[in-house]
Amino acid sequence: MSTFYFIAFLSIFFSILVISAKNPVHSILYLILTFFTFTIHYILMNAQFLAIVNFIVYMGAILVLFLYTLMLINLNKESEPVKPFMVKIAAVFGGGVLAVALVSSLKSLGVSDPVVLKNPELGLVKNLGKVLFNEFLLPFEVSSVLLLSAMVGAVLLATKDPQETKATI
Amino acid sequence: MELADIAIKFGLIIIIFAISLVVAMYSTYAERKIAAFFQDRVGPNRAGPWGILQPMADGAKMFMKEEIIPTNATPFLFIVGPSLAILTACIGSAVIPWGQNLVIGDKVIPLQVTDINVGILYIFGVVSLGVYGVMIGGWASNNKYSLLGAIRAASQNISYEISMGLSIIALLMVTGTLSLGEIAQQQHGWHWNVLYQPVGFLLFMICAFAETNRTPFDLPECETELVGGYHTEYSSMKLGFYLFAEYINMFISSAVMATLYWGGYNYPGMDWVTAHVGPVIGPLIGTGVFFAKIFAFIFFFMWVRWTIPRFRYDQLMDLGWKILIPLAIANIVITGIVITFLN
Amino acid sequence: MESLSNKKKQLTVKPLNFWERAYLPAIVSGLGITMKHFFKKPVTIQYPEQKREFSENYRGMHSLKRDENGAERCTACGLCALSCPAEAITMQAAERQKGEENLYREEKYAAVYEINMLRCIFCGLCEEACPKEAIYLDGDIVPSDYLRKDFIYGKDKLVEAPLNQ
């Protein structure tokens with residue numbers, strides 16, 4: 001249990017650093033550390049497959065792409081957009097509302113029992129695969145279609161319209 | 001776990017670390033020597049007999065060199081970059097089965113640090129983490145050539161990780177497990193996976209070349225276009241770490257290829273040999289065979305390096321996305337069909 | 001346009017067939033070629049221990065010759081210095097004293113004879129200009145050094161070793 005508290009403390013600590021870091025690249029690096037602590041959480045919960053997938057997909061692929069884009073952007077002080085005063089006030093207000101909503105929802109939730117899995121081996125690859133491809137086959141396939149549509153959309157956005165390019169020439 | 005077991009594990013980890021470091025060290029020597037042989041030359045031969053002390057001399061030179069951190073660099077990340085590179089290179093060796101279980105008296109000693117049941121995915125995770133060392137180092141140098149090299153390295157690694165993963169899925173369909181220990185056991189004798197998955201092996205090997213940044217995929221450090229690539233600004237042992245990480249990566253990826261496709265520690269007639277020489281020497285011979293396979297792969301890496309010129313960047317991306325990924329998917333489909341019909 | 005020499009050849013680029021586009025056969029044959037070289041004998045000559053044979057007309061370090069009695073041939077006429085395109089040669093003449101007949105062949109000799117090896121281009125014009133056949137570029141490669149002044153070779157390095165020694 002003490003491991004959990006230590007790792008949980010680290011996750012919160014790093015996620016605070018993510019939003020407080022001045023340099024966007026640094027905040028991405030803190031985000032990587034945050035995700036790494038999440039991986040450790042998954043391992044503590046005996047969800048090895050989820051842990052390793054989180055490791056590969058989030059830490060190894062998505063955040064690399066984040067870092068990639070941020071490195072290509074010219075992050076000088078001059079190019080930083082100046083936010084008007086009204087926008088700042090609106091942001092503070094919006095954040096306050098969100099905090100109130102979160103606190104109230106937590107209060108109405110009350111103290112729940114700790115989740116106890118019926119099968120503690122559920123996180124292992126074999127069991128997870130059986131569950132995914134038997135009980136939850138439809139949602140699994142639907143989500144894959146969702147991802148495919150997102151990919152097709154990205155390709156569509158990225159490719160130029162042939163007629164438009166002709167017009168500019 | 002008993003104290004003795006912990007001590008054995010600890011010793012195994014230290015031995016594996018030492019071996020991978022020594023192999024990486026002598027890979028630099030082997031690379032120069034083999035390059036020389038391919039070019040009808042002699043190679044380093046002044047430090048010690050046949051130049052055998054050359055790696056020590058190189059190491060001493062690296063440590064003695066002046067340590068330069070550019071004024072505009074980010075000092076902390078500048079140091080983190082090479083450290084991360086060598087860390088990710090080293091931790092990959094944890095799941096590789098180096099041999100059969102040793103039986104000494106009534107004690108069974110597994111020659112594998114840990115046999116987690118997602119071993120292959122662990123290797124993938126480590127490989128995908130390896131990009132960070134390059135990217136952070138390239139960005140922290142505050143040099144456009146370093147940044148371009150880092151970005152090239154990152155996009156190359158991400159692109160080839162996909163086809164690497166896809167090529168391995170077909171293998172997993174054949175073996176039915178993600179644990180490297182079990183995969184090695186299944187290839188007992190001569191039932192090597194390369195016989196069932198030749199195309200998958202070819203794809204995996206090409207991707208391994210790309211992931212370790214070896215020629216013909218060594219664009220991240222393409223000196224004609226990018227000076228030194230991501231390590232342009234590095235000097236002294238930090239540069240040494242980057243170069244060293246490449247050689248450790250080569251060693252680990254050779255070990256992974258040998259385990260996944262070329263039977264690991266298995267060789268034809270191993271049962272007969274083990275029955276004749278006993279349960280301690282037998283597995284050790286298997287380990288020797290495994291290392292012979294690894295060295296053959298390392299030699300192949302170097303052989304290819306001195307044969308094939310570097311890709312152009314668009315050719316690299318074309319190969320990765322338009323050829324390797326469709327081939328890998330076709331391989332999965334055909335493997336699936338064959339498995340269904342055979343069952 | 002009609003070709004004048006009739007040597008014009010129209011070339012066409014044939015589209016690659018499947019195996020050529022797959023590159024793998026080409027890569028394998030390339031690997032074969034490099035492997036052939038792997039087993040070839042290295043052509044390296046291990047320089048300080050082994051030396052490549054010089055050609056007959058190789059021009060290396062200069063040497064000031066002696067005649068058959070062991071006397072220096074040079075008479076300090078200065079033609080070599082005059083002919084030198086790089087102006088690498090300087091000398092000071094001196095008169096032969098009584099009792100030095102076995103040292104110098106003529107009545108006049110070079111007391112100081114210096115060649116700046118950094119300027120010398122080893123063209124061999126001094127050799128051709130010399131009327132007394134006193135200077136020849138028949139030596140070894142000029143060794144490297146750290147200081148410029150050490151490249152100015154005096155008589156101590158240039159004159160041939162005396163006979164009977």
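Residue numbers (UniProt numbering), protein chains in the order written: chain A, 1 to 169; chain B, 1 to 343; chain C, 1 to 165.
Yeah, the Cβ is synthetic: ideal placement off N, Cα and C, and Gly gets one too.
All values derive from a computational prediction rather than experimental measurement.
Neighbourhood of residue i by C-beta, 7 Å cutoff - its chain only, sequence neighbours within 5 removed
| i | result |
| --- | --- |
| C:PHE151 | ASN116, MET117, LEU118 and ASP145 |
| C:LYS132 | ARG73, CYS74 and THR75 |
| C:ARG148 | LEU118 |
| A:THR37 | ILE7, LEU10, SER11 and PHE14 |
| B:GLY92 | ILE123, VAL126 and ILE252 |
| B:SER128 | GLU161 |
| A:ILE28 | LEU63, PHE66, LEU67 and LEU70 |
| B:ILE329 | LEU166 |
| C:CYS126 | CYS80, SER83, CYS84, ILE89 and ILE135 |
| C:LEU103 | ALA71 and GLU72 |
Reduced DSSP secondary structure (H/G/I, E/B, other) of residue i
| i | result |
| --- | --- |
| B:THR74 | coil |
| B:GLU233 | coil |
| B:LEU316 | helix |
| C:ASN69 | coil |
| C:ILE115 | strand |
| C:GLN92 | strand |
| C:SER63 | strand |
| C:TYR109 | strand |
| C:ILE135 | strand |
| C:ILE152 | strand |
| C:VAL142 | coil |
| C:TYR104 | strand |
| C:VAL43 | coil |
| C:VAL159 | strand |
| B:SER83 | helix |
| C:ARG21 | helix |
| residue 208 of chain C | What is shown of chain C runs 1 to 165, which leaves residue 208 of chain C out entirely. |
Same chain, Cβ closer than 6 Å to residue i, neighbours up to 5 away in sequence not counted
| i | result |
| --- | --- |
| B:TRP306 | ALA35 and PHE38 |
| B:MET237 | MET62 and PHE63 |
| A:ILE40 | ILE7 |
| B:VAL23 | PHE251 |
| B:MET138 | Checking the sequence shown, residue 138 of chain B turns out to be Gly, not Met. Same-chain partners within the cutoff: SER146, LEU147, GLY149, ALA150 and TYR230. |
| B:ALA255 | ILE96 and ILE294 |
| B:GLY99 | LEU111, TYR265, PRO283, GLY286 and THR287 |
| B:ALA245 | ALA85, ILE86 and ALA89 |
| B:VAL227 | TYR145 |
Any chain D beta carbon closer than 8 Å to residue i
| i | result |
| --- | --- |
| A:ILE52 | Absence of chain D from the displayed structure is noted, the protein chains being A, B and C. |
Same chain, Cβ closer than 8 Å to residue i, neighbours up to 5 away in sequence not counted
| i | result |
| --- | --- |
| B:ILE339 | MET173 and VAL174 |
| A:PHE49 | GLY123, LEU124, VAL125 and LEU128 |
| A:ASN54 | PHE35, PHE38, THR39 and TYR42 |
| residue 349 of chain B | With chain B covering 1 to 343 only, the question about residue 349 of chain B has no answer from this structure. |
| C:GLU101 | ALA71 |
| A:MET59 | ILE32, PHE35, PHE36 and THR39 |
| A:SER30 | One point to set straight first is that residue 30 of chain A is Tyr, not Ser, in the sequence displayed. The residues are PHE14, SER15, LEU17, VAL18 and ALA21. |
Runs of alpha helix (DSSP H) lying entirely within the stretch 85-114 of chain B, each at least 4 residues, in chain order: Listed in chain order, there is nothing to give.
So within the stretch 120-159 of chain B, which uninterrupted alpha helix (DSSP H) runs reach at least 4 residues, ignoring any that extend past its ends? With a minimum length of 4 residues, there is no unbroken run of alpha helix (DSSP H) contained wholly in the stretch 120-159 of chain B.
May I ask you to list, following chain order, the residues of the stretch 25-46 of chain B that have a beta carbon less than 9 Å from some beta carbon of chain C? Of all residues in the stretch 25-46 of chain B, ILE34, ALA36, PHE37, PHE38, GLN39, ASP40, ARG41, VAL42, GLY43 and ASN45 have a Cβ within less than 9 Å of some Cβ in chain C.
With a floor of 4 residues, list each alpha helix (DSSP H) that falls wholly inside the stretch 32-65 of chain B, ordered by position along the chain. Taking 4 residues as the shortest admissible run, the stretch 32-65 of chain B contains the following complete alpha helix (DSSP H) segments, listed from N- to C-terminal end: 54-64.
Cβ pair count under 8 Å reaching 3, the stretch 76-91 of chain B against the stretch 241-257 of chain B: Here the stretch 76-91 of chain B lies against the stretch 241-257 of chain B, with 3 or more beta-carbon pairs under 8 Å apart.
Would you check if the stretch 188-207 of chain B and the stretch 154-169 of chain B touch, i.e. whether three or more CB-CB distances between them fall below 8 Å? A contact between stretches requires three or more CB pairs, one per stretch, nearer than 8 Å, and the stretch 154-169 of chain B meets this requirement with the stretch 188-207 of chain B.
Using 8 Å as the cut-off, can you tell me whether the stretch 150-161 of chain B makes contact with the stretch 209-216 of chain B, which would need three or more C-beta pairs spanning the two stretches below that distance? Counting Cβ pairs under 8 Å, three or more are found: they touch.
Is it the case that the stretch 273-284 of chain B contacts the stretch 297-304 of chain B, given that we only count it when at least three CB pairs across the two stretches are under 8 Å? The stretch 297-304 of chain B makes no contact with the stretch 273-284 of chain B, as fewer than three CB pairs between them are under 8 Å.
Taking one C-beta from the stretch 92-108 of chain A and one from the stretch 177-197 of chain B each time, how about it: are there three or more such pairs within less than 8 Å? With fewer than three CB-CB distances shorter than 8 Å, the stretch 92-108 of chain A does not count as touching the stretch 177-197 of chain B.
Positions along the stretch 77-111 of chain B whose CB lies within less than 8 Å of some CB in chain A: Flagged, chain order: LEU77.
Contact between the stretch 10-24 of chain B and the stretch 12-29 of chain C: three or more CB pairs below 8 Å? A contact is defined here as three or more CB-CB pairs under 8 Å, and the stretch 10-24 of chain B fails this definition with respect to the stretch 12-29 of chain C.
Quick one: complete alpha helix (DSSP H) runs, 4+ long, within the stretch 161-226 of chain B? Taking only runs of at least 4 residues, the alpha helix (DSSP H) segments lying wholly in the stretch 161-226 of chain B are 180-186, 198-211 and 223-226.
For the stretch 296-317 of chain B, which residues have a beta carbon sitting closer than 8 Å to at least one beta carbon of chain C? Those residues of the stretch 296-317 of chain B that come within reach of chain C (Cβ to Cβ, closer than 8 Å) are TRP303, VAL304, TRP306, THR307 and ILE308.
Three or more beta-carbon pairs under 8 Å between the stretch 85-96 of chain C and the stretch 104-111 of chain C, yes or no? Touching, yes, given that three or more Cβ pairs across the two stretches are closer than 8 Å.
Given 8 Å, three or more beta-carbon pairs between the stretch 39-50 of chain B and the stretch 32-43 of chain C: Yes, the stretch 39-50 of chain B touches the stretch 32-43 of chain C.
Output needed in chain order: residues of the stretch 42-58 of chain C with a Cβ under 8 Å from some Cβ in chain B. So the list reads PRO42, VAL43, THR44 and GLN46, given in the order they occur along the chain.
Note down, one range per segment and in chain order, each alpha helix (DSSP H) of at least 4 residues found wholly within the stretch 236-317 of chain B. DSSP runs (the alpha helix (DSSP H)) wholly in the stretch 236-317 of chain B: 236-260 and 270-305.
According to a CB-to-CB cut-off of less than 8 Å, which residues of the stretch 238-260 of chain B neighbour chain A? The residues in question: there are none.
Any alpha helix (DSSP H) of 4 or more consecutive residues that is wholly inside the stretch 29-92 of chain A: Those alpha helix (DSSP H) runs which fall completely within the stretch 29-92 of chain A and span 4+ residues are 48-53 and 63-72.
Below 7 Å between beta carbons is the criterion; list the residues of the stretch 104-135 of chain C that meet it against any residue of chain B, in chain order. With the criterion set as a beta carbon lying under 7 Å from some beta carbon of chain B, the stretch 104-135 of chain C has no members that meet it.
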